[in-house]
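To keep things clear, I will list the structure first and then write my remarks on it.
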Amino acid sequence: MRTGSAESAYQERDAYLAAVERAAAELADDRRRALVADVAVRIDRGLDGRPGAMSEVLAELGDPRAVAAGVPVAG
666 MRTGSAESAY QERDAYLAAV ERAAAELADD RRRALVADVA VRIDRGLDGR PGAMSEVLAE
726 LGDPRAVAAG VPVAG
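Just so you know, the sequence shown maps onto residues 666 to 740 in this note's numbering.
Below you can see the structure in the form of structure tokens.
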């Protein structure tokens with residue numbers, strides 16, 4: 666069971682991942698899904714040993730549009 670602050674952190678994570686997905690709309694479905702999965706792993710790794718640092722981890726990743734822009738449209 667998640668506490669209120671943990672629930673809020675996961676909502677923040679989910680919102681960030683949704684923003685990455687929206688920003689990557691021009692990518693093929695499989696590339697977009699792979700990008701979102703990769704970003705989710707990067708978030709989890711960033712939280713390793715830093716519980717409660719969701720906002721900091723997301724700030725380190727940067728703007729979701731910039732994250733999506735770093736992926737070539739054609740593979």
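Quick reminder that beta carbons are idealized off the backbone N, C-alpha and C, glycines included. Fair warning: this is a prediction, and the values are worked out from it, not measured in the lab.
Of the listed residues the options, nearest to residue i (C-alpha basis)
{"i": "valine 704", "options": "Asp679, Ser670, Ala671, Ser673", "result": "Asp679"}
{"i": "serine 673", "options": "Leu692, Ala688, Ser720, Glu686", "result": "Ser720"}
{"i": "leucine 723", "options": "Arg710, Ala734, Gly735", "result": "Arg710"}
{"i": "alanine 702", "options": "Ala734, Glu725, Glu677, Glu686", "result": "Glu686"}
{"i": "arginine 677", "options": "Asp694, Ile708, Ala693, Arg715", "result": "Looking at the sequence itself, residue 677 is glutamate, so the reference to arginine does not match. The shortest Cα separation from glutamate 677 among Asp694, Ile708, Ala693, Arg715 belongs to Ile708."}
{"i": "alanine 734", "options": "Leu692, Gly714, Arg715", "result": "Leu692"}
Residue i: first and last residue of the uninterrupted alpha helix (DSSP H) it sits in
{"i": "serine 709", "result": "In the sequence under discussion, the amino acid at residue 709 is aspartate, which differs from the serine named in the question. Element bounds for aspartate 709: 694 to 712."}
{"i": "proline 716", "result": "It is not in any alpha helix (DSSP H) - proline 716 carries neither H nor E in the DSSP assignment."}
{"i": "alanine 733", "result": "729 to 734"}
Within 8 Å, strictly: CB atoms of residue i and residue j
{"i": "tyrosine 675", "j": "proline 729", "result": "no"}
{"i": "valine 732", "j": "arginine 696", "result": "no"}
{"i": "leucine 700", "j": "alanine 689", "result": "yes"}
{"i": "tyrosine 718", "j": "leucine 712", "result": "The identity of residue 718 in the sequence shown is alanine, whereas the question assumes tyrosine. Yes, these two residues count as a Cβ contact at 8 Å."}
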